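Report on the following structure.
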Amino acid sequence: MTTRVQEKGLLHTLRATGEPRMGRLERCMLRSAVFDPADKVLDANVCSGQVAEYLLHHMECQVCGVSDRMEEVRRTRARMYSGDFVYAAMGDIPWQDDTFDTVLLHPAECSPEALRLQLAECNRVLKPGGQLVLGLRNLSVPVRKLRSLLWETAPEEEYLTLKKANTILKSCGFDHLSTLRAGIGSAVFIGWKKSE
5 MTTRVQEKGL
15 LHTLRATGEP
25 RMGRLERCML
35 RSAVFDPADK
45 VLDANVCSGQ
55 VAEYLLHHME
65 CQVCGVSDRM
75 EEVRRTRARM
85 YSGDFVYAAM
95 GDIPWQDDTF
105 DTVLLHPAEC
115 SPEALRLQLA
125 ECNRVLKPGG
135 QLVLGLRNLS
145 VPVRKLRSLL
155 WETAPEEEYL
165 TLKKANTILK
175 SCGFDHLSTL
185 RAGIGSAVFI
195 GWKKSE
């Protein structure tokens, strides 16, 4: 779990180097997760690599990552001096079963079918009792209704409700679920793989 002092240090470092800041959802995912030094962590959907770099430098974790966008993998490999970052489909994570202590997932596609496929793979690579930290775009019902009145919503912009996301997490083998709001448009879900 990151402290507010560590988070401020990260923001100061990113501002000094001129790099884009880490988003609110990513910061909330890091703040709500529990990391121990030497944990093996998978960043599923590495994006810019800032989360992986933070985990390596400040939390002393062994970090791996996967993305279905080659440019994101290249960018992350360029900024990291260690770690295994691969290009692969999110539903086909190329690591063995029971490999990681923690999986951070921020899916690019939030449809229920795609999410189930990704969560099944995350469950497979997590050790028994391992932690999943899932960051999703999520709007409350009143905000969604207001948004639909003001703007036409494209069909690909599907938002899962908190209840539906929790149901999907339970069906994929996660328990002891908790939810944390990360602003108006997103939420972080924490689940633990059932111990055998």
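Taking the working numbering, I'd label the letters of the sequence shown as residues 5 to 200. Backbone N, C-alpha and C fix where the C-beta goes; we use that ideal spot for every residue, glycine too. In this text, all values refer to a predicted model and were calculated from it rather than measured experimentally.
Buried or exposed (CB count within 10 angstroms, at least 16 for buried), residue i
i: S199; result: exposed
i: M33; result: buried
i: Y85; result: exposed
i: G187; result: exposed
i: S115; result: exposed
i: P111; result: buried
i: L154; result: exposed
i: E30; result: buried
i: S182; result: exposed
i: L123; result: buried
i: G22; result: Low confidence applies to G22: its pLDDT is 49, below 50, so where it sits in the model is not reliable, and the reading given next is rough at best. Exposed is the call here.
i: L150; result: exposed
Proximity below 8 Å, CB of residue i to CB of residue j
i: D179; j: G189; result: no
i: L140; j: A92; result: no
i: L136; j: L109; result: yes
i: E57; j: A42; result: no
i: F39; j: L60; result: no
i: S52; j: R25; result: no
i: L119; j: N142; result: no
i: G87; j: V107; result: no
CB contact check: residue i to chain D, cutoff 8 Å
i: K44; result: No chain D appears in the structure shown, which is made up of a single protein chain.
Contact set for residue i: own chain, Cβ-Cβ below 7 Å, skip 5 residues either direction
i: M74; result: Y91
i: G133; result: W196, K197 and S199
i: F104; result: K44, V45, L46, V129, L130, K131 and G134
i: R81; result: F89
i: P159; result: At P159, the pLDDT of 43 sits below 50, so the modelled position is not reliable; the number obtained from the coordinates is stated separately. Within the same chain, P159 has no close Cβ partners at all.
i: L121; result: G95
i: I172; result: P116, L119, R120 and L123
Cutoff 6 Å; reference residue i; Cβ partners in own chain excluding five residues on either side
i: Q54; result: M26
i: L184; result: S36 and V192
i: L138; result: L109 and F193
Given 8 Å, three or more beta-carbon pairs between the stretch 40-48 and the stretch 91-101 = yes
So, do the stretch 121-133 and the stretch 168-178 have three or more beta carbon pairs nearer to each other than 8 Å?
-> yes
Tell me the start and end of each unbroken alpha helix (DSSP H) in the stretch 27-89 that is at least 4 residues and wholly inside, in chain order.
-> 28-36, 54-62 and 74-83
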